[in-house]
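In numbering that gives the first Met the number 0, the protein residues as written are 0 to 316. Backbone N, C-alpha and C fix where the C-beta goes; we use that ideal spot for every residue, glycine too. It should be emphasised that the depicted structure is a prediction, and the values quoted were computed from it without experimental measurement.
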Amino acid sequence: MAPVYPSPRFGEPLRLAFVGQQTYFEACALDERSDRVRTVYVDFREGADADAMRAALDRFVPHAVVVFRPEIVPAHAFDGLRALTVGFLTEPIPRVAGRKAHPDLRRRRADLRKADPGNFDRTVAFDPLIVPTADAILPVWRALPIPVADRFYASAPRDGGRAPRLAFVGRSTPHRETFLRHPKHELDILHVAFGLHGEELDALMRDVDVAINLHNEPYPSFENRVCLHLAAAHLVVSETLSPTHGLEPGIDYLEFSEPDELLSMLRTVSRHPEAYRRVRVRGRRKSEQYRASRVWPRLVEDAFADVEAFGTSRRGR
C-alpha cells in the first residue's frame, strides 16, 4: 500500500517546516540544515496572507509541517498539500466544560473553535490537562511541553562573580503586578514586556541569571518560558506550575504561591548569589528533555508512523 504522505527516502534529510508568529515561537522551533534535517520557519499570524504562507510552504516542498496555534490557519489552507501536518496547541483553555472557568480561558477556547480540523493530521497539546476540552475541537494525539531551540542552551550556569541579574519576560497584567510590585521597588528587576525575539532575545538569555515566571491570570498553567529559562541555565523562580512536566520544585526550580514568598526568594538570591546554584545546575540538566533537535525529529517520525498505521481524517490531502 502506498504511504499516505511521501517521507524522506533513505539518506535524504527530513524537510520540516514550522508555521506561526515568529515573535513568540521561533524560539521553540528547530533550526537545522544538515544531512539529517532541513528546516524553514514561515512567519504567519492570524489574519495574515494565507496564500503567501501556503506559497512559501509549496516552494520548500516539506515532508511535514508544524503549526503553532492551529486556530490561526484559515479553513482549507492546507488542502492539496502533500505533507504531514501537525497542529501544536500552545494556549491555555478551560480544563473542564462549562462557564465557570476564568474569562481569559473562555476567550482562548472561543479562539480555538476557529480551527479547521480538516487542516491537520495530528494535534499536540502543551498541557495534558486541557485534552478533555480540546478533544471536542481538535482531537489530541500527544501532550508535551513546547520544545526549546538549541541555540538557547547554555553549557553551564555562570559563576557568581557579580550581582545576579533578575528578569521577568511577559506582558504586564494586574495578577502579575500583584507579585512584582514590591520586588520591583526593592530590587533591580528587568521587565521585558513585548516582542523580544531573534538576536535581542539571545542577548537577554545570555545576560540573565534569575528568571521569574508568573501566570497571565490567576489560573494554573505551564508557560513555555520556563523551559527556555532552564535551558539558558537561569535560576527559575516560578508561580506554582500545573502540570509540572516532570520538573521538581525545590530541585529543578523554585516555586511560590504568594507575593511574599517570591520577594523572600529574590532577596536571598540577590544577597547570596550562589545560594541556589545546585537548583540552577539541576534545572539546566533537566531541560535537555525539551531540546528541539531531540524532540522535533522524533515527534514527526512518530506522527508519520501513527498516520501510516491508523490513517487520517484530514481533508483534501
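Exposed or buried, residue i, counting other C-beta atoms within 10 Å across all chains shown (16 or more means buried)?
i    : result
R98  : exposed
V235 : buried
P156 : buried
V60  : exposed
H62  : buried
H233 : buried
E257 : exposed
F309 : exposed
D48  : exposed
F193 : exposed
Which class does residue i belong to by DSSP, given the choice of helix, strand or coil?
i    : result
N215 : coil
I145 : coil
F125 : coil
V72  : coil
M0   : Here the model assigns M0 a pLDDT of 45, short of 50, so the residue's position is not dependable, and the following value carries that caveat. Three-state DSSP puts M0 in coil, outside helix and strand.
G19  : strand
Y152 : coil
A231 : coil
R276 : helix
F24  : helix
A114 : coil
P61  : coil
L298 : helix
H190 : strand
What's the C-alpha gap between residue i and residue j?
i    : j    : result
A162 : Y40  : 37 Å
Y324 : L83  : The first residue shown for the chain is 0 and the last is 316, placing residue 324 beyond what the model contains.
M264 : I211 : 11 Å
V36  : V64  : 13 Å
F77  : Q21  : 20 Å
G282 : S154 : 12 Å
F167 : D259 : 17 Å
V268 : K183 : 15 Å
Short check: CB of residue i to CB of residue j, under 7 Å?
i    : j    : result
F17  : A28  : yes
V95  : Y289 : no
F151 : L227 : yes
E90  : I71  : no
P93  : T132 : yes
F119 : P73  : no
I344 : N223 : Absent from the structure is residue 344, since the part of the chain shown begins at 0 and ends at 316.
L213 : F255 : no
E216 : H174 : yes
L203 : I188 : no
Is there a Cβ of chain D sitting closer than 7 Å to that of residue i, yes or no?
i    : result
R290 : In summary, chain D is missing from the structure at hand, where a single protein chain is found.
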